[in-house]
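Read the structure below first, then the notes.
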Amino acid sequence: NEDSEDSEISRATHNVLERQRREDLKCRFQLLRDSIPELEDNERAPKVAILKKAREFVHQLIGEEERLCADKELERQRKLILLKRLHDL
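Below, the structure written as structure tokens:
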């Protein structure tokens, strides 16, 4: 009888922990969805769509970062040229 009670307590504990895990996962998917401009207003977006759009968005951000880094380097070089011209005056 004690084994049966222990088993029920263990099962109940497991169920609570599993429910918490699922709720945490749900919240994290909502946070991810809300950080993707294309999906932020779509409360019913499926998980697979959230993951696919997140992947696309990350690739887009990486491309934008690379472009901005290249622009920054061009501006740095331009600044050096202008400083040299100023110094030569």
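Residue numbers (the working numbering): 65 to 153. Where a beta carbon is used, it is the ideal one built from N, C-alpha and C, also for glycine. Note that this is a predicted model, so its numbers are computed, not measured.
Exercise. Is Leu95 closer than 9 Å to Lys162 when the C-beta atoms are compared?
Worked result: Coverage of the chain is limited to positions 65 through 153, which leaves residue 162 absent and any answer about it impossible.
Exercise. In whole angstroms, what is the alpha-carbon distance linking Glu130 and Leu115?
Worked result: In the sequence shown, residue 130 corresponds to position 66, counting from 1. In the sequence shown, residue 115 corresponds to position 51, counting from 1. If I take the Cα positions, the gap works out to 23 Å.
Exercise. Between Asn79, Arg97 and Leu146, which lies nearest to Ala113 when the distance is taken from Cα to Cα?
Worked result: Residue numbering aside, residue 113 sits at position 49 when the sequence shown is read from its first letter. It is Arg97 whose Cα lies nearest to the Cα of Ala113.
For this session: Would you kindly report the start and end of the unbroken alpha helix (DSSP H) that includes Ser71?
Result: As a first step, residue 71 must be located in the sequence shown, where it is residue number 7. Looking at the DSSP string, the run of the alpha helix (DSSP H) that includes Ser71 is Glu66 to Asp98.
Problem set entry | Buried or exposed (CB count within 10 angstroms, at least 16 for buried), Ile73 | By 1-based counting over the sequence shown, the position of residue 73 is 9. Classification for Ile73: exposed.
Exercise. If we ignore side chains and look at the alpha-carbon of each, how far apart do Thr77 and Gln124 end up?
Worked result: On the sequence shown, residue 77 is found 13 positions in, with the first residue counted as 1. On the sequence shown, residue 124 is found 60 positions in, with the first residue counted as 1. Going from the Cα of Thr77 to the Cα of Gln124 covers about 43 Å.
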